[in-house]
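Data first, discussion second: the structure below is written as structure tokens.
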Amino acid sequence: MPVVARKPNPASNKGSDDFALPISVRLTDQIGEPVDGTLRRVSTGFFVISAPLAIKPERRVEILFQGRRIETQVVYCQQQGGSNWQLGLRVVPDSEAFVREIGRASCRERV
10 MPVVARKPNP
20 ASNKGSDDFA
30 LPISVRLTDQ
40 IGEPVDGTLR
50 RVSTGFFVIS
60 APLAIKPERR
70 VEILFQGRRI
80 ETQVVYCQQQ
90 GGSNWQLGLR
100 VVPDSEAFVR
110 EIGRASCRER
120 V
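Here it is as structure tokens:
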């Protein structure tokens, strides 16, 4: 899956920390195919993503990014409009080292 970054929108109040990286999202407690989503922000141990899934807090979710799996837990879920949802995800401790790699990679890929 190629990494695609976007230029920050100066008119946006979200700031330059936002980006759009394609990911796949899967509930860890259900058998099923992953769905496409977008990684919007990465912070220490925390992700903000957009996906067509409404998921209750405390549920476990896998993020699949560039062939790697990151296990997370839903902190919040807010409807963005239509069928798209913004999810705040906390990294499960075993995945923290890879989160640092993603943060560094996303900084290099910004335009």
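If you're matching positions, the sequence shown starts at 10 in our numbering and goes up one per residue.
Heads up, the beta-carbon is just placed ideally off N, CA and C, and yes, glycines get one too.
Bear in mind that the values here come from a model prediction, so they are computed numbers and not experimental data.
Within its chain, find whatever has a CB closer than 7 angstroms to the CB of residue i; leave out the 5 residues flanking it on each side and keep chain order.
i     : result
Lys23 : Any reading at Lys23 must be qualified, since the residue scores a pLDDT of 45, below 50, and its modelled position is unreliable; the value itself is stated next. Here the set comprises nothing.
Could you compute how far the alpha carbon of residue i sits from the alpha carbon of residue j?
i     : j     : result
Pro31 : Glu67 : 23 angstroms
Gln89 : Gln82 : 19 angstroms
Asp27 : Val57 : 9 angstroms
Asp45 : Val34 : 6 angstroms
Asp38 : Arg69 : 7 angstroms
Whose C-beta lies closer than 8 angstroms to the C-beta of residue i among residues of the same chain, with five residues either side of it excluded?
i      : result
Pro102 : none
If you measure between the beta carbons of residue i and residue j, is that distance less than 7 angstroms?
i     : j     : result
Ile79 : Ile72 : yes
Gln95 : Ser59 : yes
Could you tell me which residues DSSP pairs with residue i in its beta bridges?
i     : result
Gly90 : Asn93
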